[in-house]
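J.: The structure that follows is given in the form of structure tokens.
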Amino acid sequence: MGKQSGTGQSDSKSGEPVTVLVVDDDADICVAVEMSLTYEGFEVWTAPNGKQALARLDKEEENGRAPAVILTDVKMPEMDGLTLLGELREREHAPPVIMISGHGDIDTAVEAVKLGAIDFLQKPIDQNRLVVSVQNALRQTRLAAENTGLRRQLSGKWELVGASAPMAQLRESIARVADADIPVLITGENGTGKEVVARNLHLSSSRAGGPFVAVNCAAIPNELIESELFGHERGSFTGAHDRRIGHFEAAHAGTLFLDEIGDMPLAAQAKVLRALETREITRVGGTRPLAVDIRVLAATNTDLPAAVEEKTFRMDLLYRLNVVPLRVPALRERPTDIPILAAHFLDEIGRRTGRRAPTIDADAVGVLTAHPFPGNVRQLKNLVEAAHVFADDTITRDDLARILEVGPALSVPEGTALPLGEDPFQAETFETFKNESEALFFRRKLEANGGNVKRTAENLGMQRSHLYKKLDRYGLK
Ligand SMILES: Nc1ncnc2c1ncn2[C@@H]1O[C@H](COP(=O)(O)OP(=O)(O)OP(=O)(O)O)[C@@H](O)[C@H]1O
Ligand SMILES: [Mg+2]
């Protein structure tokens, strides 16, 4: 790769994240370090003291972003470097920290290392030493990421539960294509486990140590999709206050999961296709292309060949993504998995609450296996969660009946504003009434459209992204 990759040194295809946070009250130092690191292809954020550095980290975390390395001065107003280091140590996924000191103070160095700093740079900062130090730190991040990847795999968070023949087949297909580094198109109805399959593909691939970036194409407003996917340069459009890397870049050396791909606007489809073919992207407002090394997985519950016929989906993109098709079977095609999944979700409740997992009696299992589950595994999961609320130690047929009676439980996620079957007219205040009727409205419309968000939005004459926000708000997705 002769080209600058925008993800650290151009020769690295090993997946280092790209951002470095520089904390120093001396603006000249910040500028000098920023210049050297930007030249090397890193993205640089700066902060004038520890307090503002933490604030920046919090703000970026909300957008799912974090620096790969932090460089910090020792003596600063508001919050000094050692305190910052201590604060970072309290956090779960703190990046490695390199200390910068103008005082060559051995005691501080020892103290910093004790607190977990991985290197120490003296002012004036030697440029070569700076770059080497940052690269060492990145190597450390990568190893840590590999470890978490493996740990997650062991912890079974994304375990694909089920013992039916269709599931055994699916598992076999996953094993066969996981390491092939080719695109996989995952299809299946709502709630069948498409994301679980995507996660499994990633975790079983050689990219397991790299990032897994999931993008819900349906939830991004049309006018933002390009900047979300490819990033943008500062000032490239109104509101682009900062340079921002997109999902393609964030997934470098890992897996990019394009969820609900059928909802991607045509204009974006063309750009995605080009990016997949050239393995390069250009940030919005940017001039030079950046190489990205990603594996793409896509998922959809829409009929893409039909969408191609209707000219809402590009045929060439379908071919590109559909190198290996994986179909996740509906739950009603594998009813023998229902008791196994139910038991799995009950175990999960037990683990989460720290109490003995509730059980389910044979009668209730009978009710479950006979249920059609149009919302598939997600609906089963929600049903089990809801039944557990009514049940003592054992979920019975009655507990299930209470929930199933009040209509199809398309969704009863935790934190739903509207419990199933509630009547908005019982609301005490106008505010509650408004919220509850709105939630009920969207739930009914979604049910009427078989849980298909795109179709619901079309029938309601609403923007998809707007509908998504509503569904999110009422826990209906
Ligand atoms: N085989 C499975 N084993 C364990 N959990 C599963 C399985 N399949 C689905 N789930 C759980 O069911 C829920 C829905 O799964 P997931 O989000 O992967 O479905 P999906 O097909 O992507 O749905 P949608 O079409 O709505 O995006 C998640 O909570 C997931 O953890
Ligand atoms: Mg999904």
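Sequence positions in the sequence shown follow our numbering and run 22 to 498.
By construction, the Cβ of each residue, glycine as well, lies at the ideal position given by its N, Cα and C atoms.
Is the beta carbon of Arg418 closer than 8 angstroms to that of Asp384?
T.: Yes, they are a contact pair.
J.: Let me know if Glu247 comes out buried or exposed under the rule of 16 or more other beta-carbons within 10 Å of its beta-carbon.
T.: Buried, by the Cβ-count rule.
J.: Any heavy atom of ligand 1 within a distance shorter than 7 angstroms of the CB on Arg399?
T.: Checking every heavy atom of ligand 1 against the Cβ of Arg399, one is found closer than 7 angstroms.
J.: To which residues of the same chain is Ala133 closer than 7 angstroms at the C-beta, ignoring the five residues directly before and after it?
T.: Cβ within range, chain order: Leu103, Leu106, Met120, Phe141.
J.: Reducing DSSP to helix, strand and coil, say where Ala196 ends up.
T.: It is helical.
J.: Is it the case that the CB of Glu354 approaches a heavy atom of ligand 1 more closely than 7 angstroms?
T.: Flag unset: Cβ of Glu354 not near ligand 1.
J.: Can you name, in chain order, every residue of its own chain whose Cβ lies under 8 angstroms from the Cβ of Val236, other than the five neighbours on each side?
T.: Excluding residues within five positions, the ones whose Cβ falls inside 8 angstroms are Glu249, Leu250, His268, Leu277, Phe278, Leu279, Asp280.
J.: Return the bridge partner residues of Trp66 from the DSSP annotation.
T.: Its beta-bridge partners are Leu42.
J.: Starting from Val205, follow its DSSP beta bridges and name the residues at the other end.
T.: Answer is Leu318, Val345, bridged to Val205.
J.: In three-state terms, what does DSSP make of Asn480?
T.: In this structure, Asn480 counts as helix in the three-state DSSP scheme.
J.: Near Asn343, what residues of its chain come up, given a Cβ to Cβ distance below 7 angstroms and the 5 sequence neighbours on each side ignored?
T.: The answer, listed in chain order, is Leu206.
J.: Under the criterion of a Cβ to heavy atom distance below 7 angstroms, does Lys215 qualify as lining ligand 2?
T.: Yes, ligand 2 has a heavy atom inside 7 angstroms of this Cβ.
J.: Secondary structure at Ile91, three-state DSSP: helix, strand or coil?
T.: Looking at Ile91 - three-state DSSP - the assignment turns out to be strand.
J.: Could you give the C-beta distance for Leu78 and Ala87, rounded to a whole number, given that I count them as a contact under 8 angstroms?
T.: That pair is a contact at about 7 angstroms.
J.: Where Val217 and Gly209 are concerned, what is the direct C-alpha to C-alpha distance, given to the nearest angstrom?
T.: Each residue's Cα considered, the two are about 12 angstroms apart.
J.: Among the candidates Pro393, Leu425, Ile381, whose CA atom is the shortest distance from the CA of Asp414?
T.: Selected option, being the one with the closest Cα: Ile381.
J.: What do you get for Val131, buried or exposed, if any count of 16 or more other CB atoms within 10 angstroms of its CB means buried?
T.: By the 10 Å Cβ count, Val131 comes out exposed.
J.: How would you label Tyr340, buried or exposed, when you count the other beta carbons within 10 angstroms and need 16 or more for buried?
T.: That one is exposed.
J.: Relative to the alpha-carbon of Pro326, which residue among Ile282, Gln156, Pro116 has its alpha-carbon at the smallest distance?
T.: Ranking Ile282, Gln156, Pro116 by Cα distance to Pro326 puts Ile282 first.
J.: Output needed for Arg485: all residues of its chain with C-beta closer than 8 angstroms, excluding positions within five of it in sequence on either side, in chain order.
T.: The answer, listed in chain order, is Ala239, Ala240, Asp284, Val474, Lys475, Ala478.
J.: By how many angstroms is the C-alpha of Arg353 removed from the C-alpha of Pro429?
T.: Residue confidence is low: Pro429 scores 42 on pLDDT, short of 50, so the model does not pin down where it sits. Its coordinate-derived value is still stated next. When rounded, the distance between both Cα atoms is 15 angstroms.
J.: For the alpha helix (DSSP H) containing Met56, list its first residue and its last residue.
T.: Met56 -> alpha helix (DSSP H) spans 48-60.
J.: Would you mind listing the beta strand (DSSP E) stretches within the region 240-319 that are 3+ residues and don't spill past its ends, in chain order?
T.: With a minimum length of 3 residues, the continuous beta strand (DSSP E) runs that stay inside the region 240-319 are 276-280.
J.: If you follow the alpha helix (DSSP H) that Thr458 is in, where does it begin and where does it stop?
T.: Note that residue 458 corresponds to Ser in the displayed sequence, not to Thr. Here the alpha helix (DSSP H) through Ser458 covers 451-469.
J.: What is the residue span of the alpha helix (DSSP H) that Leu401 lies within?
T.: Run containing Leu401: 397-411, per the alpha helix (DSSP H) assignment.
J.: Are Gly137 and Val153 touching if we call contact CB-CB under 8 angstroms?
T.: In this structure, Val153 does not lie closer than 8 angstroms to Gly137 by Cβ.
J.: Under 8 angstroms, with one C-beta from each stretch per pair, do the region 348-368 and the region 220-230 reach the 3-pair mark?
T.: No, the region 348-368 does not touch the region 220-230.
J.: Kindly examine ligand 2 and report whether one of its heavy atoms sits closer than 7 angstroms to the Cβ of Ala320.
T.: Under cutoff, so the answer is yes.
J.: Please report the residue range of the alpha helix (DSSP H) in which Ala385 lies.
T.: Residues 383-391.
J.: Give the C-beta separation of Lys491 and Phe454 to the nearest angstrom, bearing in mind that I take them to be a contact with Cβ-Cβ under 8 angstroms.
T.: Rounded, the Cβ-Cβ distance is 16 angstroms, inconsistent with contact.
J.: DSSP state of Leu100, grouped into three classes?
T.: In the sequence under discussion, the amino acid at residue 100 is Met, which differs from the Leu named in the question. The answer is coil: DSSP assigns Met100 none of H, G, I, E or B.
J.: Does the Cβ-Cβ distance between Glu99 and Gly71 come in under 8 angstroms?
T.: Yes; because the gap between Cβ atoms is below 8 angstroms, this pair is in contact.
J.: By Cβ distance, which residues of its chain are closer than 8 angstroms to Gly371, with the 5 residues on each side in sequence left out?
T.: So the list reads Arg377, Ala378, Pro379, once near-sequence residues are dropped.
J.: At the level of alpha carbons, what is the spacing between Val433 and Ala408?
T.: Residue placement at Val433 is flagged as unreliable, the pLDDT there being 38, under the threshold of 50; a coordinate-derived value is accordingly withheld.
J.: What number of angstroms, rounded off, separates the C-alpha of Leu497 from the C-alpha of Lys144?
T.: Computed Cα separation, rounded: 55 angstroms.
J.: Under a three-way DSSP split, which group does Asp324 fall into?
T.: Reduced to three states, the DSSP call for Asp324 is coil.
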